[in-house]
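Comments concern the structure below.
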Amino acid sequence: MTGLLLTIDDESPLLIYEPPNAWKQGNSSTDPIDASRSYGKTFKKVQQSGATMSFTFEGVGVIVYGSKDVDHGNFTINLDGQNHAGQGAGPLEYQSALFTANYSLLPGTHTITILTQDDSAFTIDYVRRATLVSSAQL
């Protein structure tokens with residue numbers, strides 16, 4: 001079996017944002033500097049406590065990427081019912097791994113939900129889903 005990472009950009013309908021109107025699309029028109037440093041030149045940003053991004057996938061791992069900065073806040077990651085604390089505050093960093101469970105999950109269906117804890121900025125750039133494939137599938 002070989003590991004395979006599949007990238008899901010922030011604009012994918014596989015990523016569910018709630019409430020939808022709270023999440024703002026960042027791109028080369030709305031924020032050219034940040035977009036130029038983001039995967040696919042796009043990202044989603046929210047500044048609302050209780051906002052969520054959810055992703056249900058088949059695989060053995062997941063990595064969520066976003067940016068960190070001094071104005072970013074705390075968040076909670078729920079993966080298959082288990083909560084993990086996260087913090088987005090720090091030195092400016094683009095395409096930063098905000099959460100990683102890479103090749104550590106049992107094969108099957110999993111759901112990850114990220115919940116913002118305050119009104120500070122929070123940014124999603126992309127998600128990578130890890131799966132195992134046989135050499136015959138390659």
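Mapping of the sequence shown onto our numbering: position 61 corresponds to residue 61, and the numbering continues sequentially without gaps. Glycine included, C-beta positions come from ideal geometry on N, C-alpha and C.
Distance check between glycine 73 and each of Asn83, Asp118, Ser38 places Asp118 closest, using alpha-carbon atoms only. Take serine 134, set aside five residues on each side of it, and the residues of its chain with a beta-carbon closer than 7 Å to its own are Met1, in chain order.
CA-CA distance, alanine 89 to aspartate 69, rounds to 5 Å. For alanine 130, the enclosing beta strand (DSSP E) begins and ends at 126 to 133. For alanine 35, no beta strand (DSSP E) segment is defined; the enclosing uninterrupted segment is the alpha helix (DSSP H) at 32 to 36. Residues Ile8, Phe55 of the same chain have their beta carbon placed closer than 7 Å to that of leucine 14, with the five preceding and five following residues left out of the count. Considering only Ser28, Pro32, Val46, the residue with the shortest C-alpha distance to asparagine 21 is Val46. Residue nearest to phenylalanine 75 within the set Ile63, Val60, Ala51 is Ala51 (criterion: CA-CA distance). Between the beta-carbon of alanine 101 and that of leucine 132 there is about 14 Å, and that puts the pair past the 8 Å contact cut.
The bridge partners DSSP lists for glutamine 25 are Lys44. Straight through space, the alpha carbons of tyrosine 126 and glutamine 25 are spaced by roughly 13 Å.
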